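For reference, the structure is listed below as structure tokens.
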Amino acid sequence: MTKEWIPNIDIGQDYDASYNDAIIHFDKLGHMADFFGRDMPMHLHAQFCQIHLVKTGKTLFNIDQNNYETNGCAIFYTPPATPHAFLTEPSSPGYVITIHSSFLQTIMSHLDAYRINDSLLMPFCISQEDSDADRTSHWDAMSNLFAMLKHEWKLNTQYKSEAIEGIVTLIFINMLRLCDAPQAKKQHNHSEVQSFRAFSTLVENHFSSKKQTSFYCEQLNINDSRLHYICKKIANISPKKIINGRALLEAKRLLSHTNMNLTEISYTLGYIDPSYFSRFFIKNIGVSPSEFRQKNRHDQDLTTVSKNG
Numbered sequence: 008m009t010k011e012w013i014p015n016i017d018i019g020q021d022y023d024a025s026y027n028d029a030i031i032h033f034d035k036l037g038h039m040a041d042f043f044g045r046d047m048p049m050h051l052h053a054q055f056c057q058i059h060l061v062k063t064g065k066t067l068f069n070i071d072q073n074n075y076e077t078n079g080c081a082i083f084y085t086p087p088a089t090p091h092a093f094l095t096e097p098s099s100p101g102y103v104i105t106i107h108s109s110f111l112q113t114i115m116s117h118l119d120a121y122r123i124n125d126s127l128l129m130p131f132c133i134s135q136e137d138s139d140a141d142r143t144s145h146w147d148a149m150s151n152l153f154a155m156l157k158h159e160w161k162l163n164t165q166y167k168s169e170a171i172e173g174i175v176t177l178i179f180i181n182m183l184r185l186c187d188a189p190q191a192k193k194q195h196n197h198s199e200v201q202s203f204r205a206f207s208t209l210v211e212n213h214f215s216s217k218k219q220t221s222f223y224c225e226q227l228n229i230n231d232s233r234l235h236y237i238c239k240k241i242a243n244i245s246p247k248k249i250i251n252g253r254a255l256l257e258a259k260r261l262l263s264h265t266n267m268n269l270t271e272i273s274y275t276l277g278y279i280d281p282s283y284f285s286r287f288f289i290k291n292i293g294v295s296p297s298e299f300r301q302k303n304r305h306d307q308d309l310t311t312v313s314k315n316g
């Protein structure tokens with residue numbers, strides 16, 4: 008195992024150059040499996056989310072710290088920049104949709120769903136085997152939507168991109184229905200959502216170097232109380248906890264997927280004192296970094312899914 012961070016795979020550059028600048032890429036699971044392998048090592052897509060639909064067979068899927076095992080039809084959703092790995096049976100049919108984060112943000116904005124605790128910001132798995140009978144119509148709708156997307160993808164006609172974007176939006180909506188996502192709250196005005204989105208983007212870009220909310224307030228040109236109000240209203244969490252939470256998520260990823268020592272991880276995340284970082288980790292996670300690593304190290308604990316794509 009090396010100290011290198013999990014590889015970033017750009018579908019346009021690494022797989023299908025004809026869609027290098029596309030915001031949506033669609034393909035059969037089998038085609039991508041022939042290229043990358045049915046049992047794909049841990050990787051991520053920095054600016055893209057993915058929807059995997061596996062129609063039959065046994066699937067082992069690891070998304071960040073979440074392990075899923077399904078048998079039969081299942082949907083796996085991976086948010087942007089989220090490490091994931093999977094293993095499917097050689098003959099399992101299915102599809103993979105890769106969506107640029109800009110279009111994901113558009114969908115979330117339309118649904119007023121840009122919240123930290125919203126389903127589209129977290130990975131999830133939906134298994135038809137575990138679904139209630141009253142959700143059969145949603146699974147039928149999902150099958151039809153993927154068939155429509157497959158048909159539209161092959162066409163070379165006017166309004167193709169608009170049709171594809173519309174179908175993918177419906178797929179997202181149907182996924183939210185299947186996973187019982189809460190109804191979007193309508194009390195957030197547009198400026199608040201925009202400010203929260205801008206704050207979230209800044210956190211993603213600067214969480215390792217900027218821990219104080221004053222930096223983000225200055226960048227957003229708002230005061231601390233206003234930022235706190237927006238974060239509490241939309242995400243029900245303080246901006247400081249959002250910043251710390253992003254650093255902790257990265258720490259867990261580094262502990263799980265690399266052999267960087269505590270000092271290296273501490274410096275990487277902007278903590279000069281490894282002892283302080285260790286206390287910070289224990290306070291928020293409940294175990295020491297070394298204990299977390301021992302429990303979650305993928306090359307030790309996921310031997311049956313070791314190359315999980």
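Per our numbering, residue 8 is the first one in the sequence shown, and the count goes up by one each step.
For each residue, glycine too, the CB sits at the ideal point set by N, CA and C.
All of these numbers come straight from a predicted model, not from anything done at the bench.
{"Query": "Just mark Asp17 as buried or exposed, buried being the case when its beta carbon has 16 or more other beta carbons within 10 Å.", "Result": "exposed"}
{"Query": "Going by CA-CA distance only, name the one from Ile241, Leu185, Arg142 and Phe288 that's closest to Leu261.", "Result": "Phe288"}
{"Query": "For Thr105, is the classification buried or exposed, using 16 other Cβ atoms within 10 angstroms of its Cβ as the cut-off for buried?", "Result": "buried"}
{"Query": "Are Pro130 and Asp71 touching if we call contact CB-CB under 8 Å?", "Result": "yes"}
{"Query": "Under the three-state reduction of DSSP, which class applies to Glu96: helix, strand or coil?", "Result": "coil"}
{"Query": "Less than 8 Å between C-beta atoms, sequence neighbours within five positions excluded: which residues of the same chain meet that for Ser297?", "Result": "Leu269"}
{"Query": "Where Ile250 and Phe222 are concerned, what is the direct C-alpha to C-alpha distance, given to the nearest angstrom?", "Result": "11 Å"}
{"Query": "Is it buried or exposed, Gln135, if we count other Cβ atoms within 10 angstroms and call 16 or more buried?", "Result": "buried"}
{"Query": "Buried or exposed for Pro97, going by 16 or more other Cβ atoms inside 10 Å?", "Result": "exposed"}
{"Query": "Taking 8 Å as the cut-off, decide whether the C-beta atoms of Ile114 and Thr176 are in contact.", "Result": "yes"}
{"Query": "What do you reckon, are the CB atoms on Phe55 and Leu156 nearer than 8 Å?", "Result": "no"}
{"Query": "Just to confirm the assignment: which complete beta strand (DSSP E) runs, minimum length 3, are found wholly within the stretch 62 to 112?", "Result": "65 to 70, 73 to 78, 81 to 85, 91 to 95 and 101 to 107"}
{"Query": "So, is Arg300 buried or exposed, given that buried needs 16 or more other C-beta atoms within 10 angstroms?", "Result": "buried"}
{"Query": "With the cut-off set at 8 Å, would you say Phe93 and Thr66 are in Cβ contact?", "Result": "yes"}
{"Query": "Would you mind sorting Asn69 into buried or exposed? The rule is 16 or more other CB atoms within 10 Å of its CB.", "Result": "buried"}
{"Query": "Using 8 Å as the threshold, is the C-beta distance between Ile30 and Ile178 below it?", "Result": "no"}
{"Query": "In the DSSP assignment, the beta strand (DSSP E) including Ser134 goes from what residue to what residue?", "Result": "Phe131 to Ser134"}
{"Query": "Which residues in the same chain have their Cβ closer than 8 Å to the Cβ of Leu185, if we skip the five residues on either side of it in sequence?", "Result": "Ile82, Ile133, Ser138, Arg142, His145, Trp146 and Met149"}
{"Query": "Let's test the definition: count the other Cβ atoms within 10 Å of the Cβ of Val294 and tell me whether it reaches 16, buried, or not, exposed.", "Result": "exposed"}
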